[in-house]
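Colleague: Sequential numbering of the sequence shown, starting at 966, is according to the working numbering. There's a structure below that I have some questions on.
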Amino acid sequence: MLWATGSQSDSQFEMNPSGHTDGVSAVVTSVSDGRHVVVTGSKDQTVQVRDLETGRPVGGSVSGLDGRVWAVAAVDGRPCVVTAGDWAVRVLDLATRKWADELPGIDGEAWCVGTAVVHGRACAFASDDDVSVRVWDLVSGEQVGELTGHDDFLMAVETLMVDGRPHAVACTSGGEVWTWDLTTGDSVGEPLEGHDGEAWAIATADVGGRAHAITAGYDATVRVWDLVAGREVGGLVGHDGTVSAVVTAVTGGELRVVTGGSDGTVRLWEPATGRQVGRELVFPAPVHALTVAPDGSLVVAFGGDVAVLHRLGR
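What follows is the structure, given as structure tokens:
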């Protein structure tokens, strides 16, 4: 095992309550007042902010939303996060704990949200029930673009740089993987297919100088895609049920994939061979979201709780 909570080194965890009264659906790390924080979104229509190191709340629960929160994204270089949920995409200033006005154009459930710097400005992008992906300037709040071509809902989205240009990579309710060049708004290549049913989560990585995506789905599989070649290059199988979360981490100089699922487990994988590394970590509820903090800690959202697993030997 590569992570443990506090002095724990097995699958029994000691955690502080998340502060949420319903399931935690999204988690991300950011910086507020010079310290790293964990930001969580929940079906209870609130956002919680906690100190990454101590686990203590930073201020109280942030309310003011009219629906559930399905996704949270951090904005590089700015103390704010963007949330997506029922009928709205909103920006929360972590310093003032104030919500900006809703970003325009959303008229349904927004399942995912991403952020990137495009043409020197911080942007967010998300889609709702009408499928199209809107792109907003986070300073002005105005819509500045749209990503099109797909026919299904976006379930998850990540960004990565390809040849120095920001790209968005998303997985859909139809199991496809789409890529867009954010500088032009054009889709790149053909959609990638392989999942049997919804693809719930996505992560990106640079492997040997080539852009890759890792997707997780309803079909209990995790698939590795070479985005340059436009094909599937590996699979990770072991979960018993939907795989709902995936992130990448570097350990010992090697790329690893971390997944979480409805079976309540978190698993570490070697993507080059498809092998699971060590034994899985078992949680008392389904795992909904994962993120890796700047210090290498793994943050796990399961049920209505959150655990921070510190890297062993750090």
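Every residue, glycine too, gets a C-beta built ideally from N, C-alpha and C.
Grouping DSSP H, G and I as helix and E and B as strand, with all else coil, what is residue 1022?
Modeller: Within the sequence shown, residue 1022 is the residue found at index 57, counting from 1. Of the three classes helix, strand and coil, the one that applies to residue 1022 here is strand, per DSSP.
Colleague: Quick check on DSSP: helix, strand or coil for residue 1028?
Modeller: Taking the first residue of the sequence shown as 1, we reach residue 1028 at position 63. Residue 1028: coil per DSSP, three-state reduction.
Colleague: Would DSSP call residue 1066 helix, strand or coil?
Modeller: Translated into the one-based positions of the sequence shown, residue 1066 becomes position 101. Coil.
Colleague: Would you list, in sequence order, the uninterrupted beta strand (DSSP E) runs of no fewer than 3 residues that lie entirely inside the stretch 1106-1180?
Modeller: Fully enclosed beta strand (DSSP E) runs of 3 or longer: 1108-1112, 1119-1127, 1130-1137, 1142-1146 and 1164-1172.
Colleague: Skipping 5 residues on each side, what residues in its chain have a beta carbon closer than 6 Å to that of residue 1254?
Modeller: For this step, residue 1254 is matched to residue 289 along the sequence shown. So the list reads 991, 992, 1210 and 1266, once near-sequence residues are dropped.
Colleague: Checking 8 Å against the spacing of the C-beta atoms, do residue 1168 and residue 1123 come in under that value?
Modeller: The residue given as residue 1168 occupies position 203 in the sequence shown. The residue given as residue 1123 occupies position 158 in the sequence shown. Cβ atoms of residue 1168 and residue 1123: closer than 8 Å.
Colleague: Secondary structure at residue 1051, three-state DSSP: helix, strand or coil?
Modeller: The residue you call residue 1051 lines up with position 86 of the sequence shown. If DSSP states are grouped into helix, strand and coil, residue 1051 belongs with the strands.
Colleague: How would you label residue 1163, buried or exposed, when you count the other beta carbons within 10 angstroms and need 16 or more for buried?
Modeller: Position 198 of the sequence shown holds residue 1163. Label assigned to residue 1163: buried.
Colleague: Quick check on DSSP: helix, strand or coil for residue 1248?
Modeller: The sequence position of residue 1248 within the sequence shown is 283, counting from 1. Looking at residue 1248 - three-state DSSP - the assignment turns out to be coil, as it is neither helix nor strand.
Colleague: Closest to residue 1015 by C-alpha separation, out of 1247, 1240 and 998, would be which residue?
Modeller: Along the sequence shown, read from residue 1 onward, the residue named residue 1015 stands at position 50. Comparing Cα-Cα distances from residue 1015 to each of 1247, 1240 and 998, the minimum goes to 998.
Colleague: What three-state label does DSSP hand residue 985 in the structure shown?
Modeller: By one-based count along the sequence shown, residue 985 stands at place 20. In the structure shown, residue 985 sits in coil (DSSP, three-state: anything other than H, G, I, E or B).
Colleague: Would a C-beta distance cut-off of 8 Å place residue 1049 and residue 1083 closer than the cut-off?
Modeller: For the purposes of this step, residue 1049 is taken as the residue at position 84 of the sequence shown. For the purposes of this step, residue 1083 is taken as the residue at position 118 of the sequence shown. No.
Colleague: Determine the closest residue to residue 1268 out of 1250, 1006 and 1172, with distance taken between C-alpha atoms.
Modeller: Position 303 of the sequence shown, counted from the start, is the residue given in the question as residue 1268. Of the listed residues, the one whose Cα sits closest to residue 1268 is 1250.
Colleague: According to DSSP, what are the bridge partners of residue 1088?
Modeller: Translated into positions along the sequence shown, residue 1088 becomes position 123. Partner(s): 1081 and 1102.
Colleague: Would DSSP call residue 1207 helix, strand or coil?
Modeller: Counted from its first residue, the sequence shown places residue 1207 at position 242. The answer is coil: DSSP assigns residue 1207 none of H, G, I, E or B.
Colleague: Along the beta strand (DSSP E) that carries residue 1233, what are the first and last residues, could you check?
Modeller: Numbered from 1 along the sequence shown, position 268 holds the residue referred to as residue 1233. Segment 1230-1235, the beta strand (DSSP E) holding residue 1233.
Colleague: Is residue 1189 near residue 1003, with beta carbons less than 8 Å apart?
Modeller: As a first step, residue 1189 must be located in the sequence shown, where it is residue number 224. As a first step, residue 1003 must be located in the sequence shown, where it is residue number 38. Contact flag unset, no.
Colleague: Would you kindly work out how many angstroms separate the C-alpha atoms of residue 1051 and residue 1090, rounded to a whole number?
Modeller: Translated into positions along the sequence shown, residue 1051 becomes position 86. Translated into positions along the sequence shown, residue 1090 becomes position 125. Each residue's Cα considered, the two are about 15 Å apart.
Colleague: Give the C-beta separation of residue 1106 and residue 1066 to the nearest angstrom, bearing in mind that I take them to be a contact with Cβ-Cβ under 8 Å.
Modeller: The residue labelled residue 1106 in the question sits at position 141 within the sequence shown. The residue labelled residue 1066 in the question sits at position 101 within the sequence shown. Their Cβ separation, rounded to whole angstroms, is 6 Å, which keeps residue 1106 and residue 1066 in contact under 8 Å.
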